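Residue numbers (full-length UniProt numbering): 1 to 222.
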């Protein structure tokens, strides 16, 4: 069987439902730029929707015992040309049977960070509103999940900000998801979240002005 549709047509009812649905991993890959965080999108090379702009994604290689995290790192490497920096945060599971005309594909939407300056990454404001496979609303939902989970969900926060961060780095990510957030609000959330503490013995070069104070993961945070 060479397509999702062929697979779904072969397995019906209670015959073998495991093979009636495919799992994809779709990346909301945000750059580590501290001026304006950008998002990696790709131009599809194959059908359907050849030439369309979409999120980088692909099928989970379950036949190779691949995990979601391994798939995300592979997809970033193969389709974005970048290595993931940090962890992989699961942001959403989209199970709309009609989003892919080839068959029912359940999408595991993950948030990851990629290096600053990754070629081809776009400003979030430039994300098309009509990407196929439901990718446009998936981006909006993912950014909303990051907006609410940053500084409240340790797993998401450490995956996207890392074991250590600076105020500028945290602010860039927060504003990518909520452009109206004020500097004072973001700073207060970082300082009060309990996940990081200021490490006055450490500074990080920023390339502009004096080195920035580093906030380090609080060990007791879970």
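Where is the CB? At the ideal position from N, CA and C, for every residue including glycine.
From a predicted model like this one, the values you see are computed outputs, not experimental measurements.
Check, Outcome
"Cβ-Cβ distance between residue 156 and residue 170 below 8 Å", "no"
"For residue 204, three-class secondary structure by DSSP", "strand"
"Which of helix, strand or coil DSSP assigns to residue 155", "helix"
"Buried versus exposed call for residue 215 [16 or more other C-beta atoms within 10 Å across all chains shown]", "buried"
"Neighbourhood of residue 101 by C-beta distance below 7 Å, restricted to the same chain and skipping five residues each side", "48"
"Sequence ranges, alpha helix (DSSP H) only - wholly within the stretch 114–176, length at least 4", "135–149 and 154–161"
"Straight-line gap, residue 195 to residue 142 (C-alpha atoms, nearest Å)", "22 Å"
"Cβ contact (3+ pairs, closer than 8 Å) linking the stretch 86–106 and the stretch 172–190", "no"
"Whole-number beta carbon distance between residue 37 and residue 31, since they are thought to touch under 8 Å", "6 Å"
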